[in-house]
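Heads up: the structure comes next, in structure tokens.
Protein chains: 2
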Amino acid sequence: MFEARFQTFDDPAERDASAGRLAALRAELKRQNLDGFIVPRADRHQNEYVPPSEERLAWLTGFTGSAGTAIVLADRAVIFVDGRYQLQVRDQVDASLFSVEHLVDNPPDKWLEANLTKEARFGYDPWLHTADGAEKLAKAASAAGATLVPADPNPVLKFAGEPAAGKLARVQAELAKLKADALIVSDPHNVAWTFNIRGCDVAHTPLPLSFASVPREGRASVYIDGRKLSNEVRDYLEALADVREPAAFLGDLKALGAAEKSVRLDSATAADALARTISDAGGTITRAADPITAMKAVKNATEIAGARAAQLRDGAAVANFLAWFDREAPTGKLTEIDAVAALETFRRDTGLLKELSFPTIAGSGPNGAIVHYRVTRATNRTIAPGELFLVDSGAQYEDGTTDITRTIAVGAPTAEMRERFTRVLKGHIAIARAVFPDGTTGAQLDSFARQYLWAAGVDFDHGTGHGVGSYLSVHEGPARLSKLGTTALKRGMILSNEPGYYKAGAFGIRIENLVLVIEAKIEGAEKEMNAFETLTLAPIDTRLIAPALMTADEIAWLDAYHARVAKSLAPLVAADTREWLTAATRPLRA
Amino acid sequence: MFEARFQTFDDPAERDASAGRLAALRAELKRQNLDGFIVPRADRHQNEYVPPSEERLAWLTGFTGSAGTAIVLADRAVIFVDGRYQLQVRDQVDASLFSVEHLVDNPPDKWLEANLTKEARFGYDPWLHTADGAEKLAKAASAAGATLVPADPNPVLKFAGEPAAGKLARVQAELAKLKADALIVSDPHNVAWTFNIRGCDVAHTPLPLSFASVPREGRASVYIDGRKLSNEVRDYLEALADVREPAAFLGDLKALGAAEKSVRLDSATAADALARTISDAGGTITRAADPITAMKAVKNATEIAGARAAQLRDGAAVANFLAWFDREAPTGKLTEIDAVAALETFRRDTGLLKELSFPTIAGSGPNGAIVHYRVTRATNRTIAPGELFLVDSGAQYEDGTTDITRTIAVGAPTAEMRERFTRVLKGHIAIARAVFPDGTTGAQLDSFARQYLWAAGVDFDHGTGHGVGSYLSVHEGPARLSKLGTTALKRGMILSNEPGYYKAGAFGIRIENLVLVIEAKIEGAEKEMNAFETLTLAPIDTRLIAPALMTADEIAWLDAYHARVAKSLAPLVAADTREWLTAATRPLRA
Chain A
1 MFEARFQTFD DPAERDASAG RLAALRAELK RQNLDGFIVP RADRHQNEYV
51 PPSEERLAWL TGFTGSAGTA IVLADRAVIF VDGRYQLQVR DQVDASLFSV
101 EHLVDNPPDK WLEANLTKEA RFGYDPWLHT ADGAEKLAKA ASAAGATLVP
151 ADPNPVLKFA GEPAAGKLAR VQAELAKLKA DALIVSDPHN VAWTFNIRGC
201 DVAHTPLPLS FASVPREGRA SVYIDGRKLS NEVRDYLEAL ADVREPAAFL
251 GDLKALGAAE KSVRLDSATA ADALARTISD AGGTITRAAD PITAMKAVKN
301 ATEIAGARAA QLRDGAAVAN FLAWFDREAP TGKLTEIDAV AALETFRRDT
351 GLLKELSFPT IAGSGPNGAI VHYRVTRATN RTIAPGELFL VDSGAQYEDG
401 TTDITRTIAV GAPTAEMRER FTRVLKGHIA IARAVFPDGT TGAQLDSFAR
451 QYLWAAGVDF DHGTGHGVGS YLSVHEGPAR LSKLGTTALK RGMILSNEPG
501 YYKAGAFGIR IENLVLVIEA KIEGAEKEMN AFETLTLAPI DTRLIAPALM
551 TADEIAWLDA YHARVAKSLA PLVAADTREW LTAATRPLRA
Chain B
591 MFEARFQTFD DPAERDASAG RLAALRAELK RQNLDGFIVP RADRHQNEYV
641 PPSEERLAWL TGFTGSAGTA IVLADRAVIF VDGRYQLQVR DQVDASLFSV
691 EHLVDNPPDK WLEANLTKEA RFGYDPWLHT ADGAEKLAKA ASAAGATLVP
741 ADPNPVLKFA GEPAAGKLAR VQAELAKLKA DALIVSDPHN VAWTFNIRGC
791 DVAHTPLPLS FASVPREGRA SVYIDGRKLS NEVRDYLEAL ADVREPAAFL
841 GDLKALGAAE KSVRLDSATA ADALARTISD AGGTITRAAD PITAMKAVKN
891 ATEIAGARAA QLRDGAAVAN FLAWFDREAP TGKLTEIDAV AALETFRRDT
941 GLLKELSFPT IAGSGPNGAI VHYRVTRATN RTIAPGELFL VDSGAQYEDG
991 TTDITRTIAV GAPTAEMRER FTRVLKGHIA IARAVFPDGT TGAQLDSFAR
1041 QYLWAAGVDF DHGTGHGVGS YLSVHEGPAR LSKLGTTALK RGMILSNEPG
1091 YYKAGAFGIR IENLVLVIEA KIEGAEKEMN AFETLTLAPI DTRLIAPALM
1141 TADEIAWLDA YHARVAKSLA PLVAADTREW LTAATRPLRA
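Have a look at this one:
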């Protein structure tokens, strides 16, 4: 029926990551309009402290031998290993994903000549092949009537909204204020944000693994594996900073230390080796939060516009999923994996899905009560009428990262389910409607989400919300809605609003929308006030609401939200979703 | 009309504290059934670090000379100074309170003989007079047909509810847990709580100035001026601890240090000299909160029963005041000072008032917007129709400390006043109705009180509430309802609930009740939940409510509260208050 490509359902094991990664690679190829790609085993060694990002072949296939190459086409994939590895490759590589060829007997260029279709565009990374090797591949492609195309592994982000040079200038101004000589940026999210670059070195977050060093004055350095950079990206980065190999990083830190510089470094996230190298060489370390973390949390107008566009697109995909689910679930035949695969498919159908923000949490009945449940083939349940189905998922689009949870009644819910759901919803609405002055922290708002559960003697054992990145991590600091959230909420921050309730062994409820901190415009206000704009657009299951527990204000909020959802999504959803959408967004107060 | 004795209205100056202190002394004499008392100038010197509590004559009269004596009768007071001080005494002492006599020409015994009434009971402190001196006084009293009575300056507290020996054992168990050899108790509130003693060394709080040192095992030492102790109190204390003179304190700390003990000391409140003395001598200091502070905050059953009794008594006095105020204020002739004097008089009429918890804040119109306004003769305003009147006051009774704020409409309030008052009230009710799990801090609840003000773009610039002692300080740590309140709220803690709104130059609103943390009994609760029981009993001015802004739940809370106020206070208030009480507590929902 549907197919999940970004997520697998196997119990965790090294080789089992392969299917998801293969799917991710194919999605990227599609985005770059390529019909295939070649992944060689990198032939250089890395120093131990730099990320093992050159192990692309192992990352993709599970194969860890010292020689090999993979070729990925849209409908099949193959791995080439030599005679030494013919047994190992069968242990390490999923044979349902990759066929195995002999690297010497049937080498990649020979295989390509036989297997590429006419007019296919076949990609390669020009930094990972010699000129001779590339020439051989080009000849093979040409013989098949296809074209060899240099791929662009690190596209410069189009949705950043602020040039990297401006961001670097802001960071340097901050360093002057902090009286630090340099900042070591050890968090690759912060490197990605500062330089407006993205990558795909880790699952679910579009990160290029990298470090940076920013002096108070003068040129910054970015430490990134040069083989990941196309000429275009290298030119782009070199206009901003010195582009250095990761192997040079520790040496450069030593030099900083030897020059007796005062260096700021985020001790909560940076490896101890970094601080130690600088201080051993004579530098002074200030262990404090990376100021980029606070800058990155406040989204600019382009990022906010991107977030709204991503939410609209994602909301339509989710609505298509929810409509499909409502049609199919009553049959009592759907499994959790079916639902995950369907949801991913609806998202892929947008044509813009880069990745999932995280493995979809899809828990039916008692599995819904496991807060971070991830379905595997072993735990997969058939979704039965009378149960609740909790689905928490998100998408990475180039213009924004989404994260949404809906809890759906399959068949008739019990009075207890409705009572609990309504209390969770009241808490969700209390956050959505909150108005608060400048300087208010997440800790000061968190209880708003819990008060109606507390009144019933229950609670949920997680924070009410986390920060969310812009086509970056779905869990982004420093702000959060939590009793531990000591960061003041600022306009432009995006956070999740996700209270829940979990009855162990029975059911789980969570209602999650992303919200944006905006100005609250209040007539006669004596001070600056802020509010949340709900970004996420998808119906909340009104069959689970006990209207008698809702106040008039809460009902008004929900009805207004549903009116907005209906109006926004109707033009975007599938034809067979439209009628469902109208019913699902019908106001409580007729 | 009415007279304030515990509070003066002069602009602050050293001599001006005298009237309040004289009133306090007279109240204490009344409590001890004495018609007069003699206050000699203490003839011994104190080390600099011990409190100047022997300066009783200066404390009472303002006179700082090296020789002198005062005698206080119910209707007059006199100070005796020698020839050197005849000019100084007129500068330093308020002649409207004390007449001046010549210490040599007309000495106290001679004056007493001429001025004591027949059968008067005249008190003296047996620790502050020699045997010869006391014999002289006894003869003089006898000649006047009166009796000389040894006074009891430090009555052992009857409302403590836990023997001091038990408290000391708890402190020692805590020291064992903390792996400390000893605890230095520098906060006299904590000494008072531990040993179940009270005194009157400072205004508004029944504190005996003192220190204590509690070893992990063995006998504690309490450092207190022996002249304050009656034989009875000394015997009581000596059964619990070594009673040492304050002059011995530093020497004992040195000895602790020399023995290389690890000593716990509350660095937030203890003088640096204490820590320095111990560590200079070789001891190890742990600077951390005094564990007694946390123990003291949790009231036991006796203290809670005492608090309820004190609140009932105080509520009746406040109701008498409010009824009187409603009768008198419309005349447009009342001043703020009139109101303060009347309120104190109604409280004194209970016969059990020991002190005010703090100088009454009584602000009409724009003065109400000054959060900690204290009326002086210079600022005193006549209360005009169309204004709001804010009165924040409290009483010290032996069974409990009260603190209550009411805001009263004089004449017709404006729509703005009613709108703001209603938002403050909604916040007050949100706290009063809050239910929260174990471990919840005041910071997690504080926003409940502000949310309806925030929604209107306004706020109040103080905490929502503070801890309150049991016949101790009206501001007691460590718990508070504030964004800075990081202490978990525990059952038995008493806090104020006092949101407000202040429009500079126009009016002030505050609604304050004390609340007690209790168990919330909820059917089907999955975890231990807590709630607040409102202790304070007095009508909230319903003329200031805009009912359209209130939810059904809020109205139900207010109506239930008023029903309880009416039922509790009706049997206790004056006859002419009863009808007013019925009207003032009429339900909003008829």
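Line by line, the protein sequences give chains A and B. The numbering of the first sequence is my numbering, which starts it at 1 and goes up by one. The numbering of the second sequence is my numbering, which starts it at 591 and goes up by one. Where a beta carbon is used, it is the ideal one built from N, C-alpha and C, also for glycine. These figures come from a predicted structure and were not determined experimentally.
- For the C-beta of D1049 of chain B, the chain A residues within less than 8 Å are, from N- to C-terminus, P437, E526 and K527.
- The C-alpha of A959 of chain B is placed about 6 Å away from the C-alpha of K1093 of chain B.
- Not one beta carbon of chain B lies nearer than 9 Å to the beta carbon of K426 of chain A.
- The DSSP-derived three-state label of T925 of chain B is strand.
- Taking 9 Å as the CB threshold, A1005 of chain B stays off the interface with chain A.
- Here I278 of chain A carries a helix assignment [DSSP, helix/strand/coil].
- Using a CB distance cut-off of 9 Å, W1147 of chain B does not count as an interface residue toward chain A.
- In this structure, A:L537 is the residue among A:L544, A:F80, A:L549 and A:L537 with its C-alpha nearest to the C-alpha of A317 of chain A.
- For A395 of chain A, the closest C-alpha among the options A:F421, A:S364, A:F346 and A:G363 is that of A:F346.
- Note that the C-beta distance between L97 of chain A and A74 of chain A is not below 9 Å.
- In this structure, A:P330 is the residue among A:A339, A:P330, A:F80 and A:D438 with its C-alpha nearest to the C-alpha of V410 of chain A.
- Beta-bridge annotation (DSSP): L183 of chain A is paired with A:V214 and A:R264.
- The C-beta of K490 of chain A comes no closer than 9 Å to any C-beta of chain B.
- Inter-residue distance for L103 of chain A and V39 of chain A is about 13 Å (C-alpha atoms, whole angstroms).
- The DSSP assignment places 388-393, 395-397 and 404-409 as complete runs of the beta strand (DSSP E) inside the region 371-425 of chain A, in order along the chain (cut-off: 3 residues).
- In its chain, beyond the 5 residues on either side, A546 have a beta carbon closer than 8 Å to the beta carbon of A415 of chain A.
- Within chain A, the C-beta atoms nearer than 9 Å to that of F1038 of chain B come from S447, F448 and Q451, in chain order.
- If you draw a 10 Å sphere on the C-beta of Q901 of chain B, you find 16 or more other C-beta atoms in it, and that means buried.
- Interface residue (Cβ-Cβ distance to chain A less than 9 Å): I960 of chain B is not classified as such.
- Separation of the CB atoms of R381 of chain A and E336 of chain A is rounded to 6 Å, and the pair is thereby assigned contact status at 8 Å.
- Assigned with DSSP and collapsed to three states, H1018 of chain B falls in helix.
- Nearest Cα to F1122 of chain B within the set A:A455, A:L514 and A:I518: A:A455.
- Three or more pairs of CB atoms, one per stretch, sit closer than 8 Å, so the region 766-779 of chain B contacts the region 804-811 of chain B.
- Between the C-alpha atoms of I361 of chain A and H204 of chain A there is a straight-line separation of about 14 Å.
- For I361 of chain A, the pairing in a beta bridge is given by DSSP as A:D392.
- Of all C-beta pairs linking the region 757-766 of chain B to the region 720-734 of chain B, fewer than three are shorter than 8 Å, placing the two stretches out of contact.
- Per DSSP, I882 of chain B is not a residue of any beta strand (DSSP E); the alpha helix (DSSP H) it occupies stretches across P881 to A887.
- Residue burial annotation: L484 of chain A is exposed, with fewer than 16 other C-beta atoms found within 10 angstroms of its C-beta.
- Closer than 9 Å at the C-beta level to chain A, one finds these residues of the region 1125-1144 of chain B: T1141, A1142 and D1143.
- E764 of chain B is outside the set of residues whose beta carbon lies under 9 Å from a beta carbon in chain A.
- Counting only runs of 3+ residues, the beta strand (DSSP E) found wholly inside the region 419-497 of chain A occupies 435-437, 465-467, 476-481 and 494-497, in chain order.
- For S221 of chain A, the uninterrupted beta strand (DSSP E) segment begins and ends at A220 to Y223.
- Counting the other Cβ atoms within 10 Å of the Cβ of N106 of chain A gives fewer than 16, which makes it exposed.
- The three-state secondary structure of P956 of chain B, taken from DSSP, is helix.
- Taking 9 Å as the cut-off between beta carbons, the residues of the region 1075-1105 of chain B near chain A are K1093, in sequence order.
- If you draw a straight line from the Cα of I814 of chain B to the Cα of D777 of chain B, it comes to about 13 Å.
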